[in-house]
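The structure appears right after this line, and notes come after that.
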Amino acid sequence: MAATPETPAPGKPTGLWPAAQAPAAATPAPDQSKSDLISLPSGAELDESGAAKLAAAKPVRLIVTTGPVDAGKTTLLTSLYELFQSAPVANHLFAGSLTLPAFEKRCHLSRTASGADSPDTPRTPFGDTKYLHLAVCSGSSPKTCLDLLFTDVSGEAFERAKDSTAECERLSFLKRADHLLMLLDGEKLVRDDKRWATAQDSTTLLQSFLDSGMLAARCMVKVVFSKYDCLLAAAADKESCETFWAATKKKFETKFGNRLASLQFAEIAARPKRSTALDFGHRLPELLTEWVALSPRSRLMDFEPQVNLPMRESEAFAARHFNRLTAS
Amino acid sequence: MTDHAPKRLLLLGLPDTGKTTFLAALWHIVQDTDIASSLQFEKLEGDSKYLNQISKAWLECSPVARNPLDTENLAQMILKNGEGDLVTLLFPDLSGESFTLQWSNRQLTKTYDQSLRQATGGLLFIHPGKLKKPVRIDTADPLVQEAARGAPHADDANTAVQWDPEKSPTQVQLVEILQFISHRDHFQPPFRLAIMISAWDTIARFKDTPQQWLSKRLPLLDQFLRSNDDSFQTIVYGVSAQGGEYSAAKNPELLKKSPGNRVQLVGENVKNPHDLTESLKCLIT
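In C-alpha cells, the structure reads:
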C-alpha cells in the first residue's frame, strides 16, 4: 500500500524518551465542559510522549525491529497480535494493549473484512517513531505480566541510517532497545541478483548502529531471515540459499560477535504465503518467549559473583566494574 | 424510602446482545411467585414504566424495543433476599450503540461514567450469533491461498475497502470497553463482572460450559480476563432470557410455556435454571 511520505523536521531526534518527557506541543482539547461526552485515549500508535509516559509508569521492554522497506517488520508485529486472537502464544496470555485500534488498522488488509484477495500489510510511512504496545502475562502460576513496546518505523529510516551515521543518530530509540531484530528480506535472500546486496546492507546498518554509538552494549541483537517460506519454496536453489545464509551468519559473527552482548539468528515466516509447510507466525512464539524471558537490564543487575569462574575476587570485581562502565 | 444503599449494576454490551431482554425477563422473574428466585420483589417505588413496558413485550414474545442511542433508562427494583433483607438494584440501561461508539469514536457519556463510578458490578452481554470474528484471508479460502502463492505480488490496496473500526472483531471491542473501565481514574478493583452469553438455547447443543464457550469463541477476551483477574472478578453464564425464537412459525411451543419457565440460566453453581437472580448474587454480595 502506497504511503504518503512524511519528513520529520531536520535534525530532530526520533525516539529519545527523556527529551520526549518535556511537555509535548499542546493539542487543542475539545471543549468538553458543555458536552456530555468524555474523550477516551485514541488507541493509535504511541508517539514518543506516550511511550515515555508508559515507561515512566511501569517497566517496559523495548523491542526494536529494523530492516529495509518491505522486509516484514510490521507484519511480524501484526502476526504476533493475530496469534493472540486465536489462542495464548507460547503459554503467554494477552493482557491488554494501549494500541488496539492501531493493531487492528494494520491487520485490516490481511483480513477478509478488507475485501482483498491476498493478505497484505500497509506500509509504515516515513516519519516520527511510533510504538505499538502489547501486555502479556504468563499462563502459569505465579502470574507475571510484562509490557512490551515495539517500534514501528519505516524501512526508509533504516535505509538512511545505513548511509549516514548522522541519520543513525536520529534513531535515538536504539539506545533504549532491549532486543533488536535485524530483518533481512527473505524474498531477496533467495534471489541470486539481490542476496548479496541485501546481506551487505544489513551488515552496514549494524555497523552504523555500532559506530554511531547508538546501540546500547547490553542490547540483544537477533539477525532474522524473514519470509522464510520463500526459502522453502525455492526448491531448485534451496541448497545455495542455505549455504548463503550460513555464510551470512558467519560474517555477522566475525564482524560483530565481539562488539555485542548477544548476537543470535532466527528464521521466521510471520505470514507464510509460499509454503504450506510453515504455520502462520512461524517462530514468533519462540521470539516472544525470548523477549519475555531475557532482559538485558536485569542481567546487568546481577552482581552476584560467578562462583564457577576460576577467578580471584579482585579480578571478578574488576570485570564487573568494567562491564558496567561499558554498558553505561 | 428505603434505608439501605442501592446496588448499581451496569448492563454492558454491544448492540442487540440481549441486555434489555434480560432486564425484562428479570422483572418478571422477581415478581413470579412460581419461580423460587433468590431475590424476590418487595415493593414498587418510583417510576416502573420502563420496566413494565419491556416486560409486557417480553411476556407477549414480542421483540423488546431497543434503546435509542444516547438514552439511558434507569430501572429500579426493590427486592428482598432469602434473609428478608432489602436489596435495591439500579440498572442503567444504555443502548448498545453507545458501547460501539466508545470503541469507534473514542468517547463515553458522562452519565455512563457516573454510573461506572457508582457501580457495584456489571453484566457483560455477548450474543453468539452476532460475533464479528477476525478472519484472516489465508484461513478463509484455500483457493484464494493457492492463487496468492503463485501470483506476483498484487497491489490489493486499490481493491480493498477502508478500515472500518465498527467491523473490528467483537472480542477486541469488548477488551477495549473493559480497558476503558479499568483505566478510569475512579476505577476500584476488583470490578465484579458476570459474563452473560445470551441466546444460550441456540448453542447449548455444543455441550460446552459457558466458560468453555468463551475460551473457544472469544479467546482474546478470555485471555484478557484471566490476565486481569485482579481488576475483573468474573463468572460466566449462559442465559436464554427470551427462551427461543420468537417467530410463532418457527417456535410454536414457546408461547405455550409459562413465561418463567422459558428462561434458562446455565453456569457454575446455578441451582435453579429459571432464576435469573442467581447471576446477580456474585455481584451484590
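Residue numbers (the working numbering), protein chains in the order written: chain A, 372 to 699; chain B, -3 to 281.
Cβ coordinates follow ideal geometry from the N, Cα and C atoms, glycine included.
These numbers come from a predicted model, not from an experiment.
- Task: Quick one: list the residues of chain B neighbouring Q409 of chain A, beta-carbon separation under 8 Å, in chain order.
- Result: It should be noted that the sequence gives Ile, not Gln, for residue 409 of chain A. Per Cβ cutoff of 8 Å: Q103, L104, T105, K106 and D109.
- Task: For chain A, find out if any of its Cβ atoms is closer than 7 Å to the Cβ of L261 of chain B; answer yes or no.
- Result: Output row for L261 of chain B: interface = no.
- Message: For the region 479 to 505 of chain A, list every residue whose C-beta sits within 8 Å of some C-beta in chain B, in sequence order.
- Response: Cβ contacts with chain B: H479, L480, S481, R482, T483, A484, S485, G486, A487, D488, S489, P490, D491 and P493.
- Task: Going by DSSP, name the residue or residues bridged to M553 of chain A.
- Result: According to the DSSP secondary-structure assignment, M553 of chain A is paired through a beta bridge with A:T437 and A:V594.
- Return the chain-ordered ranges of every beta strand (DSSP E) run that is complete within the region 408 to 471 of chain A and spans a minimum of 3 residues. Entirely contained in the region 408 to 471 of chain A, the beta strand (DSSP E) runs reaching 3 residues are, in chain order, 408 to 410, 431 to 437 and 463 to 467.
- How is the beta strand (DSSP E) around H504 of chain A delimited, first residue to last? Membership of H504 of chain A in the beta strand (DSSP E) is indicated by the continuous run K501 to S509.
- Query: From what residue to what residue does the beta strand (DSSP E) around E41 of chain B run?
  - Reply: Taken as a continuous stretch (DSSP letters only), E41 of chain B belongs to no beta strand (DSSP E), as it is neither H nor E.
- Flag this pair as yes or no: are the beta carbons of A21 of chain B and A237 of chain B separated by less than 7 Å? In terms of Cβ geometry, A21 of chain B and A237 of chain B form a close pair [threshold 7 Å].
- Item | Collapsed DSSP secondary structure at L665 of chain A in the structure displayed | It is coil, neither helix nor strand.
- Task: Between the Cα of L8 of chain B and those of B:G239, B:D225 and B:I193, spot the shortest distance and give me the residue it belongs to.
- Result: Of the residues B:G239, B:D225 and B:I193, the one whose Cα lies closest to the Cα of L8 of chain B is B:I193.
- As assigned by DSSP and simplified to three states, the class of N69 of chain B: Here N69 of chain B carries a strand assignment [DSSP, helix/strand/coil].
- Message: Going by DSSP in three states, D204 of chain B sits in which element: helix, strand or coil?
- Response: Reduced to three states, the DSSP call for D204 of chain B is coil.
- Item | Minimum C-alpha distance to Q27 of chain B - residue among B:P255, B:E264, B:N268 and B:L250 | Taking only the C-alpha atoms, the option nearest Q27 of chain B is B:P255.
- Does the Cβ of P283 of chain B have 16 or more other Cβ atoms within 10 Å, making it buried, or fewer, making it exposed? With chain B covering only -3 through 281, there is no way to say anything about residue 283 of chain B.
- Item | Interface residues of chain B facing F627 of chain A [CB-CB closer than 8 Å] | Under the 8 Å cutoff, chain B gives no residues; its nearest Cβ is about 32 Å from F627 of chain A.
- Item | Short CB-CB distance (under 7 Å) between A400 of chain A and chain B | Any answer about A400 of chain A is weak, because its pLDDT of 47 lies below 50 and its placement is not dependable; what the coordinates show is given next. Taking Cβ atoms only, chain B never reaches closer than 7 Å to A400 of chain A, which makes this a no.
- Message: Quick check on Q208 of chain B - is its C-beta less than 7 Å from some C-beta in chain A?
- Response: Not one chain A Cβ lies under 7 Å of Q208 of chain B.
- Message: I want to see whether chain A comes within less than 7 Å of Q175 of chain B, judged by CB atoms only; does it?
- Response: Chain A contact via Cβ: present.
- Contacts that F521 of chain A makes with chain B (C-beta to C-beta distance below 9 Å): Chain B residues near F521 of chain A: none, gap ~18 Å exceeds 9 Å.
- Message: Please classify A532 of chain A as buried or exposed, where buried requires at least 16 other C-beta atoms within 10 Å of its C-beta.
- Response: So A532 of chain A counts as buried.
- Task: Given a cut-off of 7 Å, decide if L551 of chain A and V435 of chain A are closer than it, judged by their beta-carbon atoms.
- Result: Going by C-beta atoms, V435 of chain A is nearer than 7 Å to L551 of chain A.
- Task: State the DSSP-derived secondary structure class of R4 of chain B, mapped to helix, strand or coil.
- Result: Three-state DSSP puts R4 of chain B in a strand.
- Using a C-beta to C-beta distance shorter than 8 Å, which residues of chain B count as neighbours of G414 of chain A? One finds R102 and E172 in chain B with Cβ atoms closer than 8 Å to the Cβ of G414 of chain A, taken in chain order.
- Item | Runs of alpha helix (DSSP H) lying entirely within the region 511 to 563 of chain A, each at least 4 residues, in chain order | The region 511 to 563 of chain A contains these whole alpha helix (DSSP H) runs: 526 to 534, 536 to 540 and 557 to 560.
- Relative to chain B, which residues along the region 451 to 470 of chain A have a C-beta separation below 7 Å, given in chain order? Of all residues in the region 451 to 470 of chain A, E453, F455, Q456, S457, A458, P459, L464, F465, A466 and G467 have a Cβ within less than 7 Å of some Cβ in chain B.
- Item | E264 of chain B, enclosing beta strand (DSSP E) - first and last residue | Looking at the DSSP string, E264 of chain B is not in any beta strand (DSSP E), and its letter there is neither H nor E.
- Positions along the region 622 to 651 of chain A whose CB lies within less than 9 Å of some CB in chain B: Considering only beta carbons, the part of the region 622 to 651 of chain A lying closer than 9 Å to chain B consists of R642, P643, K644, R645, S646, T647 and F651, in chain order.
- Nearest-angstrom Cα separation, counted from A426 of chain A out to T398 of chain A: At T398 of chain A the pLDDT is 43, less than 50, meaning the model places this residue with poor confidence and gives no usable figure here.
- Look at H271 of chain B and S33 of chain B and say whether their C-beta atoms are less than 7 Å apart. Note on identity: in this sequence residue 271 of chain B is Asp, with His being the wrong assignment. Less than 7 Å divides the Cβ of D271 of chain B from the Cβ of S33 of chain B.
- Query: Which residue comes first and which comes last in the alpha helix (DSSP H) that contains R258 of chain B?
  - Reply: Start and end: P255 to R258.
- Query: Given 8 Å as the limit, is there contact between the region 554 to 563 of chain A and the region 587 to 604 of chain A, that is, 3 or more CB pairs closer than that?
  - Reply: Enough Cβ pairs lie closer than 8 Å, so yes.
- Take the Cβ of Q208 of chain B as the centre, count every other Cβ of all protein chains shown within 10 Å, and call the residue buried at 16 or more, exposed below. Exposed is the call here.
- Message: So with CB distances below 7 Å, who are the chain A contacts of I133 of chain B?
- Response: Contact note: I133 of chain B reaches chain A through S481, R482, T483, A487, S489 and P490, using a C-beta cutoff of 7 Å and chain order.
- Taking the alpha helix (DSSP H) that P298 of chain B falls in, what are its first and last residues? For chain B, the structure presents residues -3 to 281; residue 298 of chain B sits outside this window and is missing.
- Message: I want to verify the contact list: residues of chain D whose CB lies under 7 Å from the CB of L216 of chain B, in sequence order.
- Response: Although the question refers to chain D, the structure presented lacks it and instead comprises the protein chains A and B.
- Message: Closer than 7 Å between beta carbons: that is the criterion. Which residues of the region 507 to 541 of chain A meet it against chain B?
- Response: Of all residues in the region 507 to 541 of chain A, those with a C-beta nearer than 7 Å to a C-beta of chain B are C508 and C516, reading in chain order.
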